[in-house]
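Each remark here refers to the structure printed beneath this line.
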Amino acid sequence: MKVVVADAVAEVTLDRPDRLNALTFEIYRDLAAWFRAPPPEARAVVLTGAGRGFCSGGDVEDIIGRLMGADAPALTAFTRMTVDLVRAMRNCPLPVVAAINGVAAGAGAILAMASDIRIAAPEGKIAFLFNKVGLSGADMGACHLLPRIVGLGRATEILMLGDALSPDDAVRFGLYNRVVPADRLMEEARAVARRLASGPRFATAMTKEMLNRELDVSLDTALEMEAQAQTLCMLHPDFAEAHQAWKEKRSPRWG
114 MKVVVADAVA
124 EVTLDRPDRL
134 NALTFEIYRD
144 LAAWFRAPPP
154 EARAVVLTGA
164 GRGFCSGGDV
174 EDIIGRLMGA
184 DAPALTAFTR
194 MTVDLVRAMR
204 NCPLPVVAAI
214 NGVAAGAGAI
224 LAMASDIRIA
234 APEGKIAFLF
244 NKVGLSGADM
254 GACHLLPRIV
264 GLGRATEILM
274 LGDALSPDDA
284 VRFGLYNRVV
294 PADRLMEEAR
304 AVARRLASGP
314 RFATAMTKEM
324 LNRELDVSLD
334 TALEMEAQAQ
344 TLCMLHPDFA
354 EAHQAWKEKR
364 SPRWG
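Using our numbering, read the sequence shown as starting at 114 and increasing by one per residue.
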């Protein structure tokens with residue numbers, strides 16, 4: 114993978130265009146390690162793929178071939194490594210914008226799903242293919258996250274049938290935030306990421322954390338969690354800076 118940081122945005126590019134950016138054991142580990150410790154100068158992330166694909170999933174030769182005949186402990190070690198990537202992405206305090214330039218299939222669909230905002234080109238089909246290859250749709254958090262994005266009924270259809278969704282259908286289902294012409298995709302994704310990067314870092318990270326933590330709690334618990342989260346934000350210097358900027362009729366200078 115390639116990483117470039119500019120204007121506080123880290124652009125992470127999966128860089129195996131000849132394999133439609135299929136994931137290997139090494140790439141899984143490298144991505145998870147990167148999301149656990151992004152560079153301190155980064156305040157937002159754009160995740161995309163080189164060439165004509167976003168990510169076609171696990172590499173058939175490097176991963177699937179090596180897993181054939183493996184025993185249960187080895188298979189579980191592999192699946193735990195894959196879910197560690199989703200955990201790292203969701204726990205990363207930086208907002209992640211997926212720029213889906215081409216097919217996102219299998220684990221590639223998961224990378225898109227685990228991002229915070231998804232922007233696609235017209236070529237950006239997405240397919241959760243697991244059932245079609247004899248695997249459960251419950252892969253890398255799909256049965257937890259996808260119903261919360263598109264609803265239980267849509268998620269059931271998507272994960273059980275494994276059919277590819279067009280970008281327009283993905284927008285209609287709420288999986289993609291928007292579709293833009295291919296020649297504007299990176300411009301749009303970078304603009305969204307720069308806007309996020311220019312905002313209050315602490316408050317944005319807190320919003321992401323609360324979206325994660327409130328998925329499975331009662332309303333009363335969520336309300337208490339939000340009361341405490343907002344208290345922490347009010348104690349942060351950014352809150353005072355926003356008030357001072359309002360009084361001085363200028364843009365805030367976030368920490």
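Note that CB positions come from ideal geometry on N, CA and C, so glycine has one too. These numbers come from a predicted model, not from an experiment.
Practice problem: Determine the direct distance from the alpha carbon of C168 to that of A220, and round the result to whole angstroms. | Solution: Here residue 220 refers to the residue found at position 107 of the sequence shown. Here residue 168 refers to the residue found at position 55 of the sequence shown. One C-alpha to the other measures close to 8 angstroms.
Exercise. Report yes or no: do the region 334-353 and the region 308-319 share at least 3 C-beta pairs separated by less than 8 angstroms?
Key: yes
Exercise. Report yes if the C-beta distance between G275 and A302 is below 8 angstroms; otherwise report no.
Key: Residue 275 sits at position 162 when you count from the first residue of the sequence shown. Residue 302 sits at position 189 when you count from the first residue of the sequence shown. Going by C-beta atoms, G275 is not nearer than 8 angstroms to A302.
Quiz item: Just the Cα atoms here: how many angstroms apart are C228 and L180?
Solution: In the sequence shown, the residue the question calls residue 228 occupies position 115. In the sequence shown, the residue the question calls residue 180 occupies position 67. Cys is not the amino acid found at residue 228; the sequence shown has Ser there. Cα to Cα, the separation comes out at about 27 angstroms.
Practice problem: Answer with buried or exposed for R285, where buried requires no fewer than 16 other C-beta atoms within 10 angstroms of its C-beta. | Solution: Translated into positions along the sequence shown, residue 285 becomes position 172. Label assigned to R285: exposed.
Practice problem: Run through the region 251-275 for me and flag every whole alpha helix (DSSP H) of 4 or more residues, listed as ranges in chain order. | Solution: 255-263 and 265-274
Quiz item: Is the number of C-beta pairs between the region 123-134 and the region 187-199 that are closer than 8 angstroms three or more?
Solution: no
Practice problem: Provide the residue(s) that pair with K115 in DSSP beta bridges, ordered along the chain. | Solution: The residue given as residue 115 occupies position 2 in the sequence shown. According to DSSP, which records beta bridges pairwise, K115 is partnered with T126.
Exercise. Buried or exposed for E174, please, with buried defined as at least 16 other CB atoms from any protein chain shown within 10 angstroms of its CB.
Key: Counting from 1 along the sequence shown, the entry for residue 174 is found at position 61. E174 should be labelled exposed.
Quiz prompt | Minimum C-alpha distance to A295 - residue among P280, A306 and R308 | solution = Position 182 of the sequence shown holds residue 295. The shortest Cα separation from A295 among P280, A306 and R308 belongs to P280.
Exercise. For the region 136-197, list the beta strand (DSSP E) runs that are entirely contained and at least 3 residues long, ordered along the chain.
Key: 157-162 and 166-168
Practice problem: Can you give me the start and stop residues for the beta strand (DSSP E) that R363 sits inside? | Solution: Here residue 363 refers to the residue found at position 250 when the sequence shown is read from its first residue. Looking at the DSSP string, R363 is not in any beta strand (DSSP E), and its letter there is neither H nor E.
Quiz item: Can you name the start and end residues of the alpha helix (DSSP H) that A295 belongs to?
Solution: What you label residue 295 is simply residue 182 of the sequence shown in a count that begins at 1. Careful: A295 lies outside any alpha helix (DSSP H) and carries neither H nor E.
Practice problem: State yes or no: is the C-beta of V263 within less than 8 angstroms of the C-beta of L298? | Solution: Taking the sequence shown and counting its residues from 1, one reaches residue 263 at position 150. Taking the sequence shown and counting its residues from 1, one reaches residue 298 at position 185. For V263 and L298, no; Cβs fall outside 8 angstroms.
Quiz item: Which residues mark the beginning and the end of the alpha helix (DSSP H) in which R326 is found?
Solution: Here residue 326 refers to the residue found at position 213 of the sequence shown. Looking at the DSSP string, the run of the alpha helix (DSSP H) that includes R326 is R314 to R326.
Quiz item: Okay, do the region 233-250 and the region 319-334 touch, 3+ Cβ pairs below 8 angstroms being the bar?
Solution: no
Quiz item: What number of angstroms, rounded off, separates the C-alpha of R231 from the C-alpha of P206?
Solution: Taking the first residue of the sequence shown as 1, we reach residue 231 at position 118. Taking the first residue of the sequence shown as 1, we reach residue 206 at position 93. Cα to Cα, R231 sits roughly 17 angstroms from P206.
Practice problem: Pick out whichever of R149, G254 and I177 has its Cα sitting closest to the Cα of N204. | Solution: Here the question's residue 204 lines up with position 91 in the sequence shown. Ranking the options by Cα distance to N204, first place goes to R149.
Quiz prompt | Rounded distance between the beta-carbons of L224 and G250, thought under 8 angstroms | solution = Residue numbering aside, residue 250 sits at position 137 when the sequence shown is read from its first letter. Residue numbering aside, residue 224 sits at position 111 when the sequence shown is read from its first letter. Actually they do not touch by this definition, with Cβ atoms about 16 angstroms apart.
Quiz item: Taking Cβ to Cβ, would you say G266 is nearer than 8 angstroms to G215?
Solution: By 1-based counting over the sequence shown, the position of residue 266 is 153. By 1-based counting over the sequence shown, the position of residue 215 is 102. Against a cut-off of 8 angstroms, the Cβ pair of G215 and G266 comes out as no contact.
Exercise. Taking V159 and A201 to be in contact with their CB atoms under 8 angstroms, please state how far apart those CB atoms are, rounded to whole angstroms.
Key: Residue 159 sits at position 46 when you count from the first residue of the sequence shown. Residue 201 sits at position 88 when you count from the first residue of the sequence shown. About 17 angstroms separates the two Cβ atoms, so there is no contact after all.
Self-check item: Three-state secondary structure assigned by DSSP to L278
Solution: On the sequence shown, position 165 is the one that residue 278 refers to. Correct three-state label for L278: strand.
Practice problem: Give me the Cα-Cα distance between A121 and R307, rounded to the nearest whole angstrom. | Solution: Stepping through the sequence shown from its first residue, residue 121 is reached at position 8. Stepping through the sequence shown from its first residue, residue 307 is reached at position 194. Taking the straight line from one Cα to the other gives about 7 angstroms.
Quiz item: Of the choices K360, T317 and L127, whose alpha-carbon is the least far from that of A145?
Solution: Within the sequence shown, numbered from 1, the residue matching residue 145 stands at position 32. Selected option, being the one with the closest Cα: L127.
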